[in-house]
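The numbering used here numbers the first residue of the sequence shown as 90 and each following residue consecutively.
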Amino acid sequence: MVNVTKYYEDLTVMQLNREGPRAYYIPYSSEGTAFSKKRGHSPFYQNLNGTWKFQYYSSVNNVVDGFYEEATDVSSWDDLTVPSCWQVNGYDKNHYTNANYPFPCDPPFVPNENPAGTYVTEFNVSEKWDNKSKYIVFEGVNSCFYLWINGKFVGYSQGSRMPSEFDISTFVQRGKNRIAVMVLKWCDGSYLEDQDIWRFSGIFRDVYLLARDLSHIKDVFLKQTLSEDFKSGILNCEIDTIGSTEILTILKDTNGNIIANEKSNISGKGNIILQVKEPILWNAENPYLYNLFIYIGNEVLHFNTGFRRVEIKAGIFTVNGKAIKLKGVNRHDSHPELGQTIPINHMKKDLMLMKSHNINTIRTSHYPNDPRFLDLCDEYGFYIVDEADLECHGVDNTGDFHMLTKNQHWEKAFLDRAIRLVERDKNHPSVIIWSLGNESGYGINHITMAKWTKHRDDSRLLHYEGAAEIYKGSTEVGCLDMESRMYPSVQFIEEYSNKNENKKPLFLCEYCHAMGNGPGDLKDYWDIIYKSPKLMGACVWEWCDHGIKTTTTVGKEFYAYGGDFGDNPNDGNFCLDGLVYPNRQPHTGLLELKKIIAPVKALAVDLSKGEIKITNLYDFIDLSHLSLVWNIERDGIVVEQGEICDLTIPAGKSEILYLGYKLPQTSDSNYFLTVSFIQNKNTLWQERGYEVTFEQFQLPVEKIRETKNEDVSDIKVVQKEHLVTIEGFDFCHTFDLYSGGFVRITKNNMNFISAMPKFNIWRAPIDNDRNIKSKWIEEGYDRAVMHVYNSKIYNLTETSVDIVLDFSLGGYSKLPILHGNAIWSITGTGEISLSTKVKVREELLFLPRFGLQLQLPKSNEEVEYFGNGPHESYVDKCQSVKKGRYLTTVDNMFENYLVPQENGSRYDTEWCTITNELGMGLKFTSSENFSFNASHYTPEDLTAAKHPHELQKRKETVINIDYKISGVGSNSCGPQLLDKYRLNEKEFEFTLKIIPLFKED
């Protein structure tokens, strides 16, 4: 057993011999290399990433003492890439849990069988580093580690997602050196790291050496202030040095022009003041960065800095004096193959996607990200809610959510996390709010964190949702600058905004749970947020699905979630709750968010004259970077189009534009105007031509119905026992009176159905149905079958016939869910009309859907429709789609969620056809627009499968034509589905026309 002191269960020890926290920077040798931000260009930087020797132990008790000694032979050990996470490399097991500790809750103690990993590698120290101080930096190690160099113990550190720096000058020598590290899976700090994520371990961020002059800068705090009118600024460079030295500071603009420079001798702590006249202000829309170069001895430090002021005025959140809205997401560090080890290009991809979808805010849930991520946020332009590595959600299971934060024995551990967060990230203009962590109760320890943070940095705001009064923690909340809530209802935020006694702005740090097919209530929130000055914005939970890419026993790839690795306790697929898939393919929910928070809006003024009102919802920039492209479609075909290139509408202003089109007075067609706002220049995140947003309007053309003098052939109706055959000129349909449905629908002897059409109320539960589906199942919604009370031929003429039936739908052991009357009408054209009246049992919950389900034979792959597209839409998730005529396939309508569920519906459809490639099939229309989807899976298929690879694709095409389908909401974690989006009607009528057709005719 390795002979080490058990610091990992000692609340008085956060570290041993670790350097004090400081701002992130790398020393360079010249201004040019410093400006490049390429760390490898610095002669004072040495990367230790790479292949290390590694040994995994299921318990620290099994680690062999002396593994860290210089003479120990580690050649037989495994090779492991640093940085990386053990679990995604085959050690231990992948384990996902949300709020539950994966060990007994007995703080500060962790299990005796505490897994450990030992690392050893060798590195060389250049003779050029002689007479320099030498440091080693670990950017992130989960959860704690012991460090040896050349067989000598250097120190200890915990706090997984913050850097640990050690002065190793007396431990290293010129030439070859050996480093040994022992990492433990758990420590007492693990009680404060109970975030909703996969529980990874190891050296998961970069490791590197720094060589410093004996007299050098230890820390820099760039404190910027602005005059009240923003016409002048001061950059106070608060510098902490080791030794006495002359320091030169040069501030340059983006063009390389020197704005200010000062020189000063500093010993210990001192200040250099730089005056800036008429500074260009930093904001997320125009992230203007000045370049500060600090010269000291042989070193040059480079910092990007931005002038901006964040404050609350009369209860309103402002940046640079303007009230703004935070349009955000919560983002975990997550990679489908690397776990929490995030490559720089992966960070960029996330940010490019966010900017492309009009997101301006990121909450770093629930820990500090890689420091380079914040560099990128400064550059791309994001408002950052920077969160401490602190969540002790698991104590809630003890019955006392505030158990640790009210216990002053834990004060040092809590405060350590605030200090290291603030000190590392204090120079980033993108960081506008400090967050004290997440879901950890609220008490004296949080208050201590808040007071220290306010004293250290009063230029930013302070957030902590756990102080909400609903948690019944401490009532001392004056140190917090805002009210914050998770998943409040729309009603709650509206009521909050209307109460005069609420003096602080409200921030929704989490809302609209984006799990699976959702969220569906975004517009409802933003209608209120835009309207109320007290509502400062909101962050969707969350950015990405945290699926782990893995393979089945037969080699089929899929994204795994909690429980797939035999991990317990686990929270199943609750880690799949993002706006993008693990591979960063957007969910349709992200497209919905993009539209709803778009920075430009268009409203109709007088569409008959082509007048529309354009409103610039940007806070700081005009619309000169956008062009307006418009087109008019007649039944989905473009008939007129135009472009306006010179949009110069200032931020927050509106203008009325005249598009100059001409419309007919009457028509038998639908006319729609689509106005798109297109980037007219390249940006960091998208190329010229990218659509930022759009609006669509139905044009005021009086609709006249074309009268068709259609010859209706005679029909022949023959009943043989329970089967009724209706035969016409080119069709022959057969209806089963016993079962209450058609068994054949034909044209030219081609049968278009492979199973009897049936009424259907079930949808494969979406993730946001998780809280309601058990009640649906209890009432038999999932197993409802039709009972036919009576059916008969009625109203027979030479050219038409009606078949009338009374029916119910119900599941075993339960009363019928609904009763209905259906009239099927068949005419000599071969068309089939359905008219049904339904009465739902009064006391029942809302229905998932109501409609007709059909199965079409193999090869019916082509889908054409007039309705919303090109992607799925629902009654509460339809802002991002455009009304038009779409031609697609059954496969392309399928949205492949990582847990199979209801998907692919098209809301507000006027008509649709499902045919083979030759155009032979069925057309569906209704007097009222409907929802439909086409799939190779039944709702029951989707319900039964837990992963996409478990689905068995049917050759048949399954069609659901729905009178209505309930909305998707966000009730997997958020409030219940709003009443207006529920199929809650107790009586309703549904009409549908089914037309056998050959489209080419």
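Ideal Cβ positions, reconstructed from N, Cα and C, are used throughout, including at glycine.
Rounded C-alpha distance that separates residue i from residue j
| i | j | result |
| --- | --- | --- |
| Leu493 | Asp485 | 10 angstroms |
| Pro854 | Cys174 | 34 angstroms |
| Glu1029 | Leu682 | 30 angstroms |
| Leu427 | Tyr114 | 25 angstroms |
| Trp523 | Lys592 | 20 angstroms |
| Glu357 | Ile328 | In the sequence under discussion, the amino acid at residue 357 is Gly, which differs from the Glu named in the question. When rounded, the distance between both Cα atoms is 8 angstroms. |
| Asp695 | Lys966 | 27 angstroms |
| Thr338 | Gln364 | 12 angstroms |
| Val728 | Leu762 | 10 angstroms |
| Glu646 | Thr640 | 4 angstroms |
| Phe896 | Lys1075 | 16 angstroms |
| Ile1084 | Lys836 | 10 angstroms |
| His424 | Gly909 | 51 angstroms |
| Ser863 | Tyr180 | 37 angstroms |
| Asp422 | Trp865 | 36 angstroms |
| Gly410 | Asp478 | 31 angstroms |
| Asp505 | Tyr614 | 36 angstroms |
| Val261 | Glu211 | 11 angstroms |
| Ala557 | Cys194 | 24 angstroms |
Sequence-distant residues of its chain with Cβ nearer than 7 angstroms to residue i (five each side left out)
| i | result |
| --- | --- |
| Gln768 | His714, Leu715, Gln775, Arg777, Gly778, Tyr779 and Val781 |
| Gly264 | Asn213 and Val214 |
Where residue i falls, given that 16 or more other Cβ within 10 Å makes a residue buried
| i | result |
| --- | --- |
| Glu784 | buried |
| Val511 | buried |
| Gln429 | buried |
| His602 | buried |
| Ala627 | buried |
| Gly829 | buried |
| Asp162 | exposed |
| Ala112 | buried |
| Lys805 | exposed |
| Met90 | exposed |
| His517 | buried |
| Ala687 | buried |
| His544 | exposed |
| Glu708 | Note on identity: in this sequence residue 708 is Asp, with Glu being the wrong assignment. Asp708 should be labelled buried. |
| Ala403 | exposed |
Residues near residue i by beta carbon distance below 6 angstroms, same chain, minus five either side
| i | result |
| --- | --- |
| His491 | Gly530, Gly532 and Gly562 |
| Pro376 | Gly470 |
| Asn527 | His455 and Glu480 |
| Val520 | Ile473, Asp475 and Asp514 |
| Ala269 | Tyr157, Val209 and Trp237 |
Chain-order list of residues whose beta-carbon lies under 8 angstroms from that of residue i (same chain, five-residue window excluded)
| i | result |
| --- | --- |
| Glu732 | Ser716, Leu717, Val718 and Trp719 |
| Glu810 | none |
| Pro905 | His876, Ser897, Leu898, Gly899 and Arg930 |
| Tyr1168 | As displayed, the chain neither begins before 90 nor continues past 1090, which places residue 1168 out of reach and without an answer. |
Would you be able to state if there are at least three C-beta pairs under 8 angstroms between the segment 615 to 633 and the segment 664 to 680?
By the Cβ rule, the segment 664 to 680 counts as touching the segment 615 to 633, because three or more pairs are nearer than 8 angstroms.
Can you list the alpha helix (DSSP H) stretches of 4 or more residues lying completely in the segment 960 to 997, in chain order?
Fully enclosed alpha helix (DSSP H) runs of 4 or longer: 979 to 982.
Is there contact between the segment 134 to 146 and the segment 614 to 627, where contact requires at least three CB pairs shorter than 8 angstroms?
The segment 134 to 146 vs the segment 614 to 627: no contact.
Could you tell me whether the segment 943 to 951 touches the segment 990 to 1009, where touching means 3 or more Cβ pairs closer than 8 angstroms?
Segments in contact, yes.
Restricting to runs no shorter than 4 residues, where is the alpha helix (DSSP H) found entirely within the segment 525 to 571?
The alpha helix (DSSP H) runs lying completely inside the segment 525 to 571 and spanning 4 residues or more are 533 to 545, given in chain order.
Complete alpha helix (DSSP H) runs within the segment 666 to 698 (minimum length 4 residues, chain order)
Counting whole runs of 4 or more residues, the segment 666 to 698 contains the alpha helix (DSSP H) stretches 677 to 685.
Would you be able to state if there are at least three C-beta pairs under 8 angstroms between the segment 931 to 947 and the segment 840 to 852?
Proximity of the segment 840 to 852 to the segment 931 to 947 meets the contact definition, three or more beta-carbon pairs being nearer than 8 angstroms.
Does the segment 118 to 133 come within contact of the segment 248 to 255, defined as at least 3 CB pairs closer than 8 angstroms?
Contact fails: fewer than three Cβ-Cβ distances are below 8 angstroms.
Are at least three pairs of beta-carbons, each pair with one atom in the segment 227 to 235 and one in the segment 309 to 317, less than 8 angstroms apart?
Segments in contact, no.
Should the segment 255 to 262 be called in touch with the segment 384 to 396, which here means at least 3 C-beta pairs below 8 angstroms?
Under the 8 angstroms Cβ criterion, the segment 255 to 262 does not count as touching the segment 384 to 396, having fewer than three qualifying pairs.
Between the segment 1052 to 1066 and the segment 1029 to 1039, can you find at least three pairs of beta-carbon atoms closer than 8 angstroms?
With the cut-off at 8 angstroms, the segment 1029 to 1039 and the segment 1052 to 1066 do not touch.
Does the segment 326 to 340 come within contact of the segment 292 to 307, defined as at least 3 CB pairs closer than 8 angstroms?
Output reads yes: the segment 292 to 307 touches the segment 326 to 340.
Is the segment 1042 to 1062 in contact with the segment 1019 to 1026, if contact means three or more CB pairs nearer than 8 angstroms?
Counting C-beta pairs closer than 8 angstroms gives three or more between the segment 1042 to 1062 and the segment 1019 to 1026, which meets the contact rule.
Within the segment 439 to 524, ranges of the beta strand (DSSP E) (whole runs, at least 3 residues)
The qualifying runs are 450 to 452, 472 to 476 and 520 to 524.
Curious, which full-length alpha helix (DSSP H) runs of at least 4 residues does the segment 767 to 853 contain?
Taking only runs of at least 4 residues, no alpha helix (DSSP H) segment lies wholly in the segment 767 to 853.
Check whether the segment 1011 to 1023 touches the segment 563 to 573, counting contact only when three or more Cβ pairs, one atom from each stretch, lie closer than 8 angstroms.
The segment 1011 to 1023 is not in contact with the segment 563 to 573.
Using 8 angstroms as the threshold, is the segment 651 to 660 in touch with the segment 956 to 971, meaning 3 or more CB pairs across them?
Result no; under three Cβ-Cβ pairs closer than 8 angstroms.
At which residue ranges does the segment 312 to 352 contain complete beta strand (DSSP E) runs of 3 or more residues, listed in the order of the chain?
The qualifying runs are 321 to 341.
Whole alpha helix (DSSP H) runs in the segment 703 to 728 with 4 or more residues, listed along the chain?
The qualifying runs do not exist here; there are none.
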